[in-house]
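Residue numbers (our numbering): 403 to 738.
Note that the Cβ used here is the ideal one computed from N, Cα and C, for glycine as well.
Since this is a predicted model, take the numbers as computed values, not measurements.
Below you'll find the structure, written out as C-alpha cells, and then a few comments.
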Amino acid sequence: MDKAYETSQLDYIKSIHIPLYDEIIQKIKSRYPKKTRKVYERELKSIELVYNILNSKTLPIIRLERFLKNLHVFYWSLIEIGFDRKTIENSIRCIKKLRLMAKRFWVYYRNIIVTEENPRIIRKIGNEARGRMLSQAKKCSKSLEYLKNLVIFLENLPSIDPYKKTIVIAGSPNAGKSTFVNNVSSAKPEIAAYPFTTKKIILGHYKEGQEPIQIIDTPGILDRPFAEMNNIERMAVLALKFLTGLVVFIVDPSPFSFMNMESQFKVIKQIEGIMPEKPLVVVINKVDTLEKSKIDQVEKELRKRVQHDIYRASLINKEESLKILIEVIKKLYPSP
Ligand SMILES: Nc1nc2c(ncn2[C@@H]2O[C@H](COP(=O)(O)OP(=O)(O)OP(=O)(O)O)[C@@H](O)[C@H]2O)c(=O)[nH]1
Ligand SMILES: [Mg+2]
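Okay, structure coming up:
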C-alpha cells in the first residue's frame with residue numbers, strides 16, 4: 403500500500419520528544435564542564451550549559467503547543483477522554499515560564515560573574531544560578547510527565563485523518579464489520595467467530611482514484627445502547643461524529659446473532675441520535691444463511707423504523723462487499 407495514504411496530522415507528533423525532569427538532569431550531568439584553573443570560566447560555562455540544555459530540551463513543548471492549537475476537534479474529543487484541557491494548558495504554561503526564567507537567570511548571573519573577581523564569590527554565584535534554574539525546572543516535573551503521557555497517547559491513536567473522506571462501520575458484535583473492512587480495504591483486522599474479538603478502532607483505506615477513503619471498524623463501540631456504556635466508551639462514540647462521511651450499519655439477521663433484531667434497531671436509532679447530520683445506510687448481512695422470506699421480513703421491519711437506504715448482502719463475499727462499498731461511496735460523494 404502507498405505509505406502516503408497513511409500520513410495524517412498526527413504523524414507530526416512522532417517528532418516531538420518530551421523529556422522528563424530526570425532526563426534533563428542526566429543530560430546536564432553528562433555534559434558538565436571539567437574542572438579548570440580558571441574558576442570564572444568554569445562557572446560561566448556551567449551556567450550556560452544548564453541554560454542551553456533547559457532551552458533545547460523544552461523546545462518540543464513549544465512545538466507541541468502549536469500542534470495542539472491546530473488539532474482537529476476529533477482528536478481533541480479523544481484527548482479529553484483521558485486528559486484535562488486545563489491541566490494541559492497549565493503544564494505548557496509551566497514550561498514556558500521555565501524557559502523565560504532560565505534565560506533571565508542566565509543573563510543576570512552571567513553579567514555578575516564577568517564583573518566579579520573573587521573566585522569564592524564567583525563559585526557561590528554559579529551555584530546560585532544553577533540552583534535557581536534547576537529548581538524552576540523541578541517545579542515543572544509533573545507537567546513534563548503529563549505532557550509526555552499526552553504525546554504517548556497521541557502516538558498510539560490510529561492515524562485517522564478527520565480531513566479525509568471517512569466511512570464508519572457500525573453494527574452489533576459478530577455482525578460482519580471486520581469481514582467487510584477486510585474485504586474492501588487495506589486494513590487486515592482480525593476476524594473471528596466470536597464477539598468482541600477486535601477491541602480497538604481499526605483503520606483501513608480504500609483507494610478510489612487519487613483520493614483514498616478511510617474505512618473504520620468500530621468493534622465494541624457502536625454496538626450497544628448508550629446506557630450500557632461507561633463514560634470512556636460514550637466519549638469515544640461521541641468523537642466519531644466529528645469524522646466526515648457516513649455510517650454503514652451492518653445488521654445480523656441470523657438466528658445466532660449476538661443481539662436480537664429489536665436491539666439492533668435500537669442501536670441504529672441511537673446512532674441517528676448521536677450523529678443526526680450524518681448519512682447512514684443499513685446492510686442486512688449474512689443473507690446466505692437465511693430464507694428469502696425471513697430477509698424480506700427483516701427488511702420490512704427495518705423500513706418501518708428507518709428512512710435510510712437498505713442493502714442486502716453476504717459480506718463474506720469480497721465482490722459483494724466491494725459492490726456495497728462502491729454504492730455507498732457514490733451516494734456519499736456523487737461524482738460531478
Ligand atoms: N455466513 C456468513 N457469515 C458471515 C458473513 N459475514 C461475516 N460472517 C461471519 O460472521 C462472523 C463474525 O464476523 P466479523 O467480521 O468478525 O464480525 P464483527 O462485526 O467484526 O465482530 P466483532 O469484531 O466481534 O464486533 C465470522 O465468522 C464471519 O465469517 C456472511 O455474509 N455470511
Ligand atoms: Mg470485528
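For this session: Using the Cα positions of K505 and Y735, report the straight-line distance between them to the nearest angstrom.
Result: Inter-residue distance for K505 and Y735 is about 54 Å (C-alpha atoms, whole angstroms).
For this session: Look at I718 and T581 and say whether their C-beta atoms are less than 9 Å apart.
Result: Between I718 and T581, the C-beta gap is smaller than 9 Å, which places the two residues in contact.
For this session: Could you please give me the residues that DSSP links to D619 through a beta bridge?
Result: DSSP lists I571, I604 as partners of D619.
Problem set entry | I686 versus R495: straight-line alpha-carbon distance, rounded | Looking at the two C-alpha atoms, the distance is approximately 52 Å.
Exercise. By how many angstroms is the C-alpha of I603 removed from the C-alpha of G622?
Worked result: Cα-Cα distance, rounded: 9 Å.
Exercise. Along the chain, where does the beta strand (DSSP E) that runs through D711 open and close?
Worked result: It spans 711-714 - the beta strand (DSSP E) in which D711 sits, taken as one unbroken run.
Exercise. Cβ of K688 within 8 Å of any heavy atom in ligand 2?
Worked result: No - ligand 2 has no heavy atom lying nearer than 8 Å to the Cβ of K688.
Exercise. What residues match up with L682 in a beta bridge as DSSP calls it?
Worked result: The partner list for L682 (beta bridge, DSSP) reads V649.
Exercise. Considering Q666, what are the terminal residues of the alpha helix (DSSP H) in which it resides?
Worked result: Q666 -> alpha helix (DSSP H) spans 663-676.
Exercise. Should S574 be listed as close to ligand 2, given that the test is whether its C-beta is under 8 Å from any heavy atom?
Worked result: Checking every heavy atom of ligand 2 against the Cβ of S574, none is found closer than 8 Å.
Exercise. In the DSSP assignment, what residue or residues form a beta bridge with P614?
Worked result: The partner list for P614 (beta bridge, DSSP) reads K609.
For this session: With DSSP as the reference, label P597 as helix, strand or coil.
Result: Because P597 carries a pLDDT of 47, less than 50, the predicted location of this residue cannot be relied on, and no value is offered for it.
Problem set entry | Cβ neighbour criterion (16 or more within 10 Å) applied to R468 | That one is exposed.
Exercise. Is the beta carbon of Q672 sitting closer than 9 Å to the one on F628?
Worked result: In this structure, F628 lies closer than 9 Å to Q672 by Cβ.
Exercise. Short check: CB of V639 to CB of V683, under 9 Å?
Worked result: Cβ distance not < 9 Å, so V639 and V683 don't count as in contact.
Exercise. Tell me which same chain residues have a C-beta within less than 6 Å of the C-beta of S574, skipping the five on either side of it?
Worked result: Within the same chain, S574 has close Cβ partners D625, D654, F660, M661, Q666.
Exercise. Closer than 8 Å: is that where the CB of K579 sits relative to any heavy atom of ligand 2?
Worked result: Residue side-chain check: K579 places its Cβ nearer than 8 Å to a non-hydrogen atom of ligand 2.
Exercise. Since V689 is in the alpha helix (DSSP H), which residue starts that stretch and which ends it?
Worked result: Per DSSP, V689 lies in no alpha helix (DSSP H) segment and is marked neither H nor E.
Exercise. Is it the case that the CB of D619 approaches a heavy atom of ligand 2 more closely than 8 Å?
Worked result: Yes, ligand 2 has a heavy atom inside 8 Å of this Cβ.
Exercise. With respect to the alpha helix (DSSP H) encompassing D698, which residues constitute its N-terminal and C-terminal limits?
Worked result: Start and end: 694-707.
Exercise. Would DSSP call F644 helix, strand or coil?
Worked result: F644: coil per DSSP, three-state reduction.
Exercise. Going by C-alpha distance, which of H607, E445, V509, S716 is nearest S588?
Worked result: Distances from the alpha-carbon of S588 to those of H607, E445, V509, S716 put H607 closest.
For this session: Could you check if D413 is buried or exposed, using at least 16 other CB atoms within 10 Å of its CB as the buried criterion?
Result: Residue environment: D413 is assigned as exposed (fewer than 16 neighbouring CB atoms within 10 Å of its CB, all protein chains considered).
Exercise. Just reading off the alpha helix (DSSP H) that S659 is part of, what are its end residues?
Worked result: From DSSP, S659 is part of no alpha helix (DSSP H); its letter is neither H nor E.
For this session: Below 6 Å CB to CB, which residues in the same chain sit around L473 once its five sequence neighbours on both sides are set aside?
Result: Within the same chain, L473 has no close Cβ partners at all.
Exercise. Hey, would you say the C-beta of T691 is under 8 Å away from at least one heavy atom of ligand 1?
Worked result: With a cut-off of 8 Å, the C-beta of T691 is classified as near ligand 1, since at least one heavy atom of the ligand falls inside that distance.
Exercise. So, is E764 buried or exposed, given that buried needs 16 or more other C-beta atoms within 10 angstroms?
Worked result: The structure shown does not extend to residue 764, since the chain spans only 403 to 738, so no value can be given for it.
Problem set entry | Three-state secondary structure (DSSP) of A577 | Correct three-state label for A577: coil.
Exercise. Relative to the C-alpha of K567, which residue among L502, I618, K544 is closest?
Worked result: In this structure, I618 is the residue among L502, I618, K544 with its C-alpha nearest to the C-alpha of K567.
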